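Taking it in order: structure first as structure tokens, then the write-up.
There are 2 protein chains.
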Amino acid sequence: MGPTIKDVAKIAKVSPSTVSRVIAGSNRISKATHQRVRKAMEDLGYYPNANARSLVKNSTETIGLVLSRSVVAALSNPFFPEIFRGITSVTQEYGYSLLLSSSKDYVQEEEEALRMLKERRVDGLLILASRANDSLIETLVKEKHSFVLVGRMPGIEELHWVNNDNVQSAEKAVDYLTELGHKKIAFLGGSPELIVSRDRLIGYKNGLQKAGLDFDFTLVEEVDFTEESGFKSLERLLERHPDLTAVFAIDDLLALGAMKAIKEEGLIVPDDISVVGFNDNPLASYVVPALTTIRIPIYDMGVQAARMLLQKLKGEEVTEYQIVLDSELIIRESSMEPCR
Amino acid sequence: MGPTIKDVAKIAKVSPSTVSRVIAGSNRISKATHQRVRKAMEDLGYYPNANARSLVKNSTETIGLVLSRSVVAALSNPFFPEIFRGITSVTQEYGYSLLLSSSKDYVQEEEEALRMLKERRVDGLLILASRANDSLIETLVKEKHSFVLVGRMPGIEELHWVNNDNVQSAEKAVDYLTELGHKKIAFLGGSPELIVSRDRLIGYKNGLQKAGLDFDFTLVEEVDFTEESGFKSLERLLERHPDLTAVFAIDDLLALGAMKAIKEEGLIVPDDISVVGFNDNPLASYVVPALTTIRIPIYDMGVQAARMLLQKLKGEEVTEYQIVLDSELIIRESSMEPCR
DNA sequence: ATATTTAGATCAAACGTTTGCACAAAATAT
DNA sequence: ATATTTTGTGCAAACGTTTGATCTAAATAT
Chain L
1 MGPTIKDVAK IAKVSPSTVS RVIAGSNRIS KATHQRVRKA MEDLGYYPNA
51 NARSLVKNST ETIGLVLSRS VVAALSNPFF PEIFRGITSV TQEYGYSLLL
101 SSSKDYVQEE EEALRMLKER RVDGLLILAS RANDSLIETL VKEKHSFVLV
151 GRMPGIEELH WVNNDNVQSA EKAVDYLTEL GHKKIAFLGG SPELIVSRDR
201 LIGYKNGLQK AGLDFDFTLV EEVDFTEESG FKSLERLLER HPDLTAVFAI
251 DDLLALGAMK AIKEEGLIVP DDISVVGFND NPLASYVVPA LTTIRIPIYD
301 MGVQAARMLL QKLKGEEVTE YQIVLDSELI IRESSMEPCR
Chain C
1001 MGPTIKDVAK IAKVSPSTVS RVIAGSNRIS KATHQRVRKA MEDLGYYPNA
1051 NARSLVKNST ETIGLVLSRS VVAALSNPFF PEIFRGITSV TQEYGYSLLL
1101 SSSKDYVQEE EEALRMLKER RVDGLLILAS RANDSLIETL VKEKHSFVLV
1151 GRMPGIEELH WVNNDNVQSA EKAVDYLTEL GHKKIAFLGG SPELIVSRDR
1201 LIGYKNGLQK AGLDFDFTLV EEVDFTEESG FKSLERLLER HPDLTAVFAI
1251 DDLLALGAMK AIKEEGLIVP DDISVVGFND NPLASYVVPA LTTIRIPIYD
1301 MGVQAARMLL QKLKGEEVTE YQIVLDSELI IRESSMEPCR
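If you're matching them up, the sequences are chains L and C in order. Reminder that position 198 of the first sequence reads as 198 in the working numbering, one-by-one numbering, no gaps. In short: position in the second sequence from 1, add 1000, done, that's the working numbering.
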């Protein structure tokens, strides 16, 4: 194997402790020995063994990120690469490593998280809180582990998280539609187990209320995040509500499916029906007509979440421990004032 | 901190060695003690400390994946999530962890890789060999580290890698165009430093030769992988070759840019000019006209690469150590026989 | 001159495992 | 009955660090 601290010590004619202190940057080392040791390390191509260090320091300088398979699938585009870029940019800045694991389902997600903490001994966890996985969070809180959520977890105070403003931005989207004059706006959402889904529904309701419109549950469809689902749910909606003039979908793929269904029905987007999506999938700007949607600062969310966690771990003062980042309404071609 | 092996030993009234052997599944342990120990572990909620174990076993059961920032950007869509899914599915199967790091540039990439191996002591490395980063590979070979490439590295034999059939599939695309009757086919490629770029150019040339067409370097543009580049390079090409009837681009974004330029020139895809892309970006099927392209089995590449590495690490027999996976030509609407 | 402080280094224990060797008891062979 | 093998367990060293306690020599104070 590679050279150890003892080898360095021997070459530099000091004790291993001294080498260790040189590495740690202790100030009780004379300039002369400092240089001798550095030189020896250099000559030998010495790298300290992180495992040995972790063992005694009880800290691995590593954070864990557990992803459930479904999250990866759901987030793959464009979330995952972006949030990953954000996270790694700050782990790198702090000299930390990132340990990843992906799990099949929610019980396995919890197992993996605990194994990371207790077996691999990561110092903290970053959690993509897509769903209200109370069990995992409760365990983590009870055992006083350090972690921060990307997303939020209703019901538990005092959690560290960074989230986008789902409620407000959904509201913003609906405001935009009502201000254009739309009165009959459908909502294409996901399972209410998903927090984003819930929050965006709340924003939708707020927007309606603000415009003096009544909430009509027959205008709401709850499906999964596929184009297929969007297509079918819009077929159903048009049957129930032929006089629909706008659709707000909580994901762009859903919106795309909806647009397809609208076209197939012989109607025109945006002339007959306006469509607004969410997440600003790269597809949104390419599709014809280009999709009006909401862009989430996903890279920033990764950065802020990682930074918060590392500040906590380093004992630095965590200035804010619940951050919500603004999203942006991107107006493109799929929406206009109602013509009928 | 959590319970250690000694705590378990005390409860089960055995020595730590015995507990260790129970965990390791040694067959020299009586059924009775085995159960007593298991019970004690259960009761205490014991997790073995991976750091301590790694220290003595000199193996972390972890593999590293280093990504340069530019690779993440280039691969973000749809490569990164897909390959990640592939890799994690097998690391999980083998009970290994995945350590990630992303680096700014190619020199940092090398540093990070070596730090992972020597400091964090990962057992092996997975490398996305987008570019001929000889220096890193040479070091790894010289120091006899275990690693496998996703992609290939020309010039060095005996490397372990899994790659898609860039040459053959590019050839396939060109065959398809020549069989339709195209005689003047432009090539939109990237920097020849990128191996994929080189290989696809070779395939292009092969295809031309097979059809009895001469290679004309004025039909070749070498640019970066952005839509903008595709747009501009096609403007240049159309000026040089107004009689162009087909374009083969080594990335879909390039192809999309090309299509835009063609439209802007008042020409129609595919009637006037056929366009074929590469990589099957999700955009390809949404754009109008839908883009003919080549789909790479990227998930499988992740699986195979990870499996190869883990087999190697586990001392299992590695059946194949250089795998090339077939790609598929997806014919959509952007290509047809030439009309002019 | 001696007593005290300070600087710079070493010693040895500790972190939580694994594992070769030794050993006792039980099982089997002679 | 004793000699040999087998089975199950424990002892203690090792893995490569860090760090509190300790020591020595030099510097400073009395």
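C-beta atoms are modelled at their ideal positions from N, C-alpha and C, and glycine is treated no differently. For clarity, every value in this text was computed on a predicted model and none was experimentally measured.
| query | result |
| --- | --- |
| Residue from GLY1095/C, LEU1065/C, THR1060/C, ASP1272/C with nearest C-alpha to ILE1083/C | LEU1065/C |
| Residue-level contact to chain L via CB, GLY1002/C, 7 Å cutoff | yes |
| Exposure of MET41/L, with buried meaning 16 or more beta-carbon neighbours within 10 Å | buried |
| CB contact flag (ARG1295/C, ILE1330/C, <7 Å) | yes |
| Three-state secondary structure assigned by DSSP to SER59/L | coil |
| Within-7 Å CB hit, LEU1313/C to chain L | no |
| Cβ-Cβ distance between VAL398/L and MET259/L below 7 Å | Any question about residue 398/L goes unanswered here, given that chain L covers just 1 to 340. |
| Span of the alpha helix (DSSP H), counted from its first residue to its last, around GLU1082/C | 1079 to 1094 |
| Paired residues, beta bridge with VAL1247/C - DSSP | ALA1186/C, VAL1275/C |
| Pair within 7 Å by beta-carbon distance, HIS1160/C and PRO1338/C | no |
| Beta-carbon proximity check, ASP1251/C vs PHE1231/C, cutoff 7 Å | no |
| Cβ-based burial, VAL1019/C [other Cβ within 10 Å; buried from 16] | buried |
| Positions along the region 1161 to 1177 of chain C whose CB lies within less than 7 Å of some CB in chain L | none |
| Reduced DSSP category for ASN164/L - H, G, I as helix; E, B as strand; rest coil | strand |
| Simplified DSSP assignment, three categories, for ALA155/L | Checking the sequence, you will find Gly at residue 155/L rather than Ala. Here GLY155/L sits in coil by DSSP. |
| Local conformation of ILE1425/C per DSSP, three classes | Nothing can be reported for residue 1425/C: it is not among the residues displayed for chain C, which extend from 1001 to 1340. |
| Beta-carbon contacts of SER1015/C that lie in its chain and below 7 Å, excluding the five residues immediately before and after | ALA1009 |
| Burial state of SER335/L, where buried means 16 or more other Cβ atoms lie within 10 Å | buried |
| Three-state class that DSSP yields for ILE1011/C in the structure shown | helix |
| Three-way DSSP call (helix, strand, coil) for GLY1124/C in this model | strand |
| Near-chain L residues of the region 1037 to 1061 of chain C - C-beta to any C-beta below 8 Å | TYR1047, PRO1048, ASN1049, ALA1050, ASN1051, ALA1052, SER1054, LEU1055, ASN1058, THR1060 |
| Assigned exposure category for GLY212/L - 16 Cβ within 10 Å defines buried | exposed |
| Classification of PRO1270/C by the beta-carbon crowding that lies within 10 angstroms, buried from 16 upward | buried |
| Residue closest to PRO1192/C, alpha-carbon to alpha-carbon, out of ASP1326/C, PRO1154/C, ARG1121/C | PRO1154/C |
| Cross-strand partners of SER68/L (DSSP beta bridge) | SER103/L |
| Cut-off 6 Å between Cβ atoms - residues of its own chain near VAL223/L, not counting five sequence neighbours on either side | SER229, SER233 |
| Residue of LEU219/L, ALA186/L, ASP134/L, ARG236/L minimising C-alpha distance to ILE195/L | ASP134/L |
| ALA1012/C to ILE1029/C span [Cα, whole Å] | 13 Å |
| Beta-carbon contacts of VAL122/L that lie in its chain and below 7 Å, excluding the five residues immediately before and after | THR60, THR62, ILE63, GLY64, LEU99, MET116 |
| Chain C contact for PRO289/L (CB, 7 Å cutoff) | no |
| ARG1120/C versus ILE273/L - alpha carbon distance | 56 Å |
| Buried or exposed (CB count within 10 angstroms, at least 16 for buried), THR1091/C | buried |
| Burial state of ARG1200/C, where buried means 16 or more other Cβ atoms lie within 10 Å | buried |
| Beta-carbon proximity check, ALA1186/C vs VAL1141/C, cutoff 7 Å | no |
| For GLU158/L and THR218/L, the rounded distance between their alpha carbons | 37 Å |
| Integer Cβ distance of MET308/L from VAL318/L, believed to fall under 8 Å | 6 Å |
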